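Position in the sequence shown (first residue = 1) + 107 = this note's numbering. Glycine included, each C-beta is placed from N, C-alpha and C at the ideal position. Predicted, not measured: the structure shown is a model, and the values here were computed from it. Right, one structure below, let's go through it.
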Amino acid sequence: MLDLNLPPFNINVKKTDGRLSVFDRLRRKFVTLTPEEWVRQHFINYLITEKGYPQALIANEIQINLNNQKRRCDSIVYDKTISPLVIVEYKSPDVEITQAVFDQIVRYNIVLKVKYLIVSNGLSHYCCRMDYSTQTFEYLADIPTYKEL
């Protein structure tokens, strides 16, 4: 798999019936290894080991209901009261982060109303802080630590 702009770590990959799988430490099971999943596993590791996000407060593939349609958020980070705090959307490294990608995560946020939105393709990472009182958002220079959220 491609080198990412994220810290390397000892990722658990196995091959079964000719297909590669990666162990998802949050879902506690092996999942099909796709380029997007490669990004997810590295980014989750980064949040936990480098930014101090508690593993127990992060969940992958969370279903939401948006306009009577079922959608899945790639990852959600919760606060200590188990309220959604951050939505993270992952893309494959070969997918450019465009306005359409942000539009997708903003649609999810209509339901969740989190304080932070993060988008990463493993090479570029973007984080915005939402301000609901002024109906604006601010791009941050770096991904905040969990304590800074």
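In terms of alpha-carbon separation, which member of Lys198, Ile212, Glu157 lies closest to Pro114?
Glu157
Give the single residue among Leu192, Glu255, Asn167, Tyr246 whose Cα lies nearest to the Cα of Phe130.
Asn167
Of all the options Glu203, Leu192, Arg214, which has the alpha carbon lying nearest to the alpha carbon of Asn174?
Arg214
Is the segment 170-185 in contact with the segment 244-252, if contact means three or more CB pairs nearer than 8 Å?
Taking 8 Å as the limit for Cβ pairs, the verdict is that the segment 244-252 does not touch the segment 170-185.
Does the beta carbon of Val208 come closer than 8 Å to any beta carbon on chain D?
Note that chain D does not occur in the displayed structure, where there is just one protein chain.
Which same chain residues, not among the five before or five after Gln162, have their C-beta less than 6 Å away from its C-beta?
Ile155
Could you give the DSSP three-state label for Thr243: helix, strand or coil?
strand
Counting pairs of Cβ atoms below 8 Å between the segment 221-241 and the segment 194-211, do you hit three or more?
yes
Please determine, among Phe137, Asp238, His232, Glu255, the residue with the shortest C-alpha to C-alpha distance to Phe150.
His232
According to DSSP, Ser128 sits in a beta bridge with which residue or residues?
Answer by DSSP bridge pairing, in chain order: Lys121, Thr139.
Would you report the Cα separation of Asp110 and Val138, rounded to the nearest angstrom?
20 Å
Just list the residues that DSSP pairs Ser182 with in beta bridges.
Asn167, Val195
Using a 10 Å radius around the Cβ and a threshold of 16 neighbouring Cβ atoms, would you call Asn216 buried or exposed?
buried
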